[in-house]
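Q: According to the numbering used here, the sequence shown holds residues 1284 to 1655 in order.
Just so you know, even glycine gets a beta-carbon here, dropped at the ideal spot from N, CA and C.
Please read all numbers here as calculations on a predicted model, not as lab measurements.
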Amino acid sequence: MPSPFWTGMRGISAVPSYVIMQPTTLCNLDCRYCYLPLRASDRRMPVPVAEAVAASVNPWAAATERFSVVWHGGEPTSAGRADLAALMAPFEGVEHHVQTNATLIDDAWCEFLAGHGVKVGLSVDGPAELTAQRVGRGGRPAYDQIMRGVAALRRHGIPFAALCVVSDPRPGLAARLYDYFLELGCYALGINVEEREGVNVRDTCFPGEAVQAFWAELTGAWRADPRIELREVEWALRYAGATLAGTEDSLLPRQLDPIPAVGHDGGVVLLSPELAGFSDPRYGDFASGNVLERPLHEILSEVAGRPTGWIGEYLTGVEACRAACPYFGFCGGAHAANRYFEHGRFDGTETDHCRNSKIRLLEGVLDYARTH
Ligand code: SF4
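Shown next, in the form of structure tokens:
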């Protein structure tokens, strides 16, 4: 039943909790579900872009306990260590992260990552047959290369989180996946049910019962051995606990995190990095500005103070969710990119993404809780 008292998550904050940086558009892999339009071309971020971002980020980082700069691509290691070091140099007091496919990680990269205190997140979808969609340009599976990268991280004692794309969510798969990641040795795991976005136009309308049973089974596997931080399930359990305590309205942040993603050329796309590199006759290129022309903090202040264009339309969609969806307090309105790539606009509500990764997730976790 819709909860009329939900007050959380109104408007956009002018200060982010992290920024995403694209050191290069290039990725050395060509995964079948990838959404990135420019992954075959090597467009590099020049250092003045990083300097411009750091001029806004460093004061934010100084004012908070933890501020993250996430190097995302393309494949960020494709930029090479020298370029990445030059791009990181202007930042002060931040925590650097890379989200990597791990295929280029070797001893030299491990020394670099350890030396710069970089937190590592790697992308792998489970055992070889489940990672089969992660392939190189010639279509060859990348699994062995990924495992060589994992072996290097382990040799150097570098902790890593893992991100797993699930293209066929169903019961029977979740427990196997969880066991795999326990064995792999990651300290945290994020599960992304495949999304139809960007240049990935595959059908993601998975059977609801199967998706729900997948999440329920994953919850059971985690409860049996909760050594890994399991992002989605732990969040759902926290929400369920808050609902029982009557405090669920206080869980969502008060305002949306703007999540600025800074492209190789300095263009800033807010809320959904997946929109970068696309354009639409109605919305333009989705960028809210360019850090080579205006400071990042000014770009964010203007959008937060007066959200227009597609961002204004998205906020209308969030309000439609608040008014109509019983899952709003858990979800907060899901991602802008999913709405755009599924509906062609931003003010709709339900998407495949929110059914697979919000509604069925919460229901699956509750199914597990009801039967145990
Ligand atoms: S995005 Fe989907 S699950 Fe989230 S609040 Fe809107 S309709 Fe509900």
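1. When we look at the beta-carbon of G1560 and count the other beta-carbons within 10 Å, is it buried (16 or more) or exposed?
2. Apply the 10 Å Cβ neighbour rule to M1284 and answer buried if 16 or more other Cβ atoms are within range, or exposed otherwise.
3. Just verifying my parser: in three-state terms, what is the DSSP assignment at L1539?
4. Taking the beta strand (DSSP E) that Y1597 belongs to, which residues open and close that run?
5. If you drop the 5 nearest sequence neighbours on each side, which residues of the same chain put their C-beta closer than 6 Å to that of R1420?
6. Is Y1651 helix, strand or coil when you go by DSSP?
7. In its own chain, which residues sit with a C-beta less than 7 Å from the C-beta of F1702, not counting the 5 before and 5 after it?
8. At a Cβ threshold of 8 Å, is V1381 touching chain D?
9. When you compare each of C1614, E1625, Y1522 to C1488 by their alpha carbons, which one comes out closest?
10. Less than 7 Å separating the Cβ of F1611 from some heavy atom of the ligand SF4?
11. May I ask you to check if the CB of E1633 is nearer than 7 Å to at least one heavy atom of the ligand SF4?
12. Should the segment 1534 to 1549 be called in touch with the segment 1489 to 1504, which here means at least 3 C-beta pairs below 8 Å?
13. Take the Cβ of S1324 as the centre, count every other Cβ of all protein chains shown within 10 Å, and call the residue buried at 16 or more, exposed below.
14. Just how far apart, CA to CA, sit L1649 and L1513?
15. So A1297 packs on L1583, CB below 8 Å; how close in whole Å?
16. Give the single residue among N1475, Y1426, I1388, H1380 whose Cα lies nearest to the Cα of G1400.
17. Return yes when the Cβ of G1600 is within less than 8 Å of the Cβ of G1627, no when it is not.
18. Could you have a look at E1480 and say whether DSSP puts it in helix, strand or coil?
19. Apply the 10 Å Cβ neighbour rule to R1605 and answer buried if 16 or more other Cβ atoms are within range, or exposed otherwise.
20. Name the residue from G1291, A1369, C1447 whose alpha carbon lies nearest to the alpha carbon of C1317.
21. Below 7 Å, is the gap between the Cβ of I1642 and the nearest heavy atom of the ligand SF4?
22. Going by alpha carbons, who is nearest to I1388 out of V1433, A1344, D1462, G1409?
23. Measure the C-alpha to C-alpha separation of L1598 and G1572 and round it to an integer number of angstroms.
24. Report yes or no: do three or more beta-carbon pairs, one from the segment 1509 to 1524 and one from the segment 1575 to 1591, lie closer than 8 Å?
25. Tell me the DSSP secondary structure of L1644 in three-state form.
26. Would the segment 1586 to 1596 and the segment 1550 to 1570 be scored as touching if the rule is three or more Cβ pairs under 8 Å?
27. Please state whether DSSP places Y1610 in a helix, a strand or coil.
28. By alpha-carbon positions, which one of Y1426, S1406, R1438, V1551 ends up nearest to A1397?
29. Going by beta carbon distance, what residues of the same chain come within less than 8 Å of G1455, once the five residues before and after it are set aside?
30. What's the call for S1406, buried or exposed, on a 16-neighbour Cβ count within 10 Å?
31. Is there contact here, the segment 1610 to 1618 with the segment 1461 to 1473, by at least three beta-carbon pairs under 8 Å?
32. How is H1379 classed by DSSP in three states: helix, strand or coil?
33. How should H1618 be labelled, buried or exposed, when 16 other C-beta atoms within 10 angstroms of its C-beta is the threshold for buried?
34. CB-CB under 6 Å to A1544, same chain, minus the five flanking residues each way: which ones, in chain order?
35. Using the Cα positions of R1622 and S1640, report the straight-line distance between them to the nearest angstrom.
36. Between which two residues does the beta strand (DSSP E) holding N1341 run?
A: Reading it off the structure:
1. Taking the sequence shown and counting its residues from 1, one reaches residue 1560 at position 277. Of the other Cβ atoms in all chains shown, 16 or more fall within 10 Å of the Cβ of G1560; this residue is therefore buried.
2. Locating residue 1284 in the sequence shown gives position 1, where the first residue counts as 1. Caution applies to M1284, whose pLDDT of 42 falls short of 50 and renders its modelled position unreliable; the model cannot decide the point.
3. Numbered from its first residue, the sequence shown carries residue 1539 at position 256. Strand.
4. In the sequence shown, residue 1597 corresponds to position 314, counting from 1. Not the beta strand (DSSP E): Y1597 falls in the alpha helix (DSSP H), residues 1592 to 1607.
5. Stepping through the sequence shown from its first residue, residue 1420 is reached at position 137. D1313.
6. Indexing the sequence shown from 1 puts residue 1651 at position 368. The answer is helix: DSSP assigns Y1651 an H, G or I state.
7. In the structure as shown, the chain starts at 1284 and stops at 1655, and residue 1702 therefore has no counterpart that could be examined.
8. The chain labelled as chain D is not found in the depicted structure, where only one protein chain is given.
9. The count along the sequence shown starts at 1 and reaches residue 1488 at position 205. Nearest option by C-alpha distance: E1625.
10. Within the sequence shown, residue 1611 is the residue found at index 328, counting from 1. For the ligand SF4, at least one heavy atom lies less than 7 Å from the Cβ of F1611.
11. Mapped onto the sequence shown, residue 1633 falls at position 350. When distances are taken from the beta-carbon of E1633 to the heavy atoms of the ligand SF4, the shortest one is below 7 Å.
12. No: fewer than three Cβ pairs fall under 8 Å.
13. Numbered from its first residue, the sequence shown carries residue 1324 at position 41. Around the beta carbon of S1324, fewer than 16 other beta carbons lie within 10 angstroms, which makes this residue exposed.
14. One-based indexing of the sequence shown puts residue 1649 at position 366. One-based indexing of the sequence shown puts residue 1513 at position 230. Distance between the alpha carbons of L1649 and L1513 is about 16 Å.
15. Here residue 1297 is taken as the residue at index 14 of the sequence shown, counted from 1. Here residue 1583 is taken as the residue at index 300 of the sequence shown, counted from 1. Taking 8 Å as the upper bound for CB-CB distance, A1297 and L1583 are in contact here, some 5 Å apart.
16. On the sequence shown, position 117 is the one that residue 1400 refers to. Looking at the Cα atoms, H1380 is the closest of the given residues.
17. On the sequence shown, position 344 is the one that residue 1627 refers to. On the sequence shown, position 317 is the one that residue 1600 refers to. Cβ atoms of G1627 and G1600: not closer than 8 Å.
18. As a first step, residue 1480 is located in the sequence shown; it is residue number 197 there, counting from the start. In the structure shown, the three-state DSSP call for E1480 is strand.
19. Here residue 1605 refers to the residue found at position 322 of the sequence shown. By the neighbour-count definition (other C-beta atoms within 10 Å, threshold 16), R1605 is a buried residue.
20. The count along the sequence shown starts at 1 and reaches residue 1317 at position 34. For the residues G1291, A1369, C1447, the minimum Cα distance to C1317 belongs to C1447.
21. Your numbering for residue 1642 matches position 359 in the sequence shown. Yes, the ligand SF4 has a heavy atom inside 7 Å of this Cβ.
22. Looking up residue 1388 in the sequence shown gives position 105. Checking every option, the nearest Cα to that of I1388 belongs to V1433.
23. Reading the sequence shown from its first residue, position 315 is the one you call residue 1598. Reading the sequence shown from its first residue, position 289 is the one you call residue 1572. Those two C-alpha atoms are separated by around 19 Å.
24. These segments do not touch.
25. Locating residue 1644 in the sequence shown gives position 361, where the first residue counts as 1. Looking at L1644 - three-state DSSP - the assignment turns out to be helix.
26. Using a C-beta cut-off of 8 Å, the segment 1586 to 1596 makes contact with the segment 1550 to 1570, since at least three inter-stretch Cβ pairs fall below that distance.
27. One-based indexing of the sequence shown puts residue 1610 at position 327. Under the three-state reduction of DSSP output, Y1610 falls in the coil class, being neither helix nor strand.
28. For the purposes of this step, residue 1397 is taken as the residue at position 114 of the sequence shown. Relative to the Cα of A1397, the nearest Cα in the group Y1426, S1406, R1438, V1551 belongs to R1438.
29. Within the sequence shown, the letter at position 172 stands for residue 1455. Closer than 8 Å at Cβ, skipping near neighbours: E1500.
30. Counting from one through the sequence shown, the residue named residue 1406 turns up at place 123. Residue environment for S1406: buried (at least 16 other C-beta atoms within 10 angstroms of its C-beta).
31. No, the segment 1610 to 1618 does not touch the segment 1461 to 1473.
32. As a first step, residue 1379 must be located in the sequence shown, where it is residue number 96. In the structure shown, H1379 sits in a strand (DSSP, three-state: E or B).
33. Working through the sequence shown from its first residue, we reach residue 1618 at position 335. H1618 should be labelled buried.
34. Position 261 of the sequence shown, counted from the first residue, corresponds to residue 1544. Closer than 6 Å at Cβ, skipping near neighbours: I1303, V1552, P1556, A1559.
35. For the purposes of this step, residue 1622 is identified with residue 339 of the sequence shown, where counting begins at 1. For the purposes of this step, residue 1640 is identified with residue 357 of the sequence shown, where counting begins at 1. Cα to Cα, the separation comes out at about 14 Å.
36. Taking the first residue of the sequence shown as 1, we reach residue 1341 at position 58. Judged by DSSP secondary structure, N1341 falls outside any beta strand (DSSP E) and instead within the alpha helix (DSSP H) spanning 1330 to 1345.
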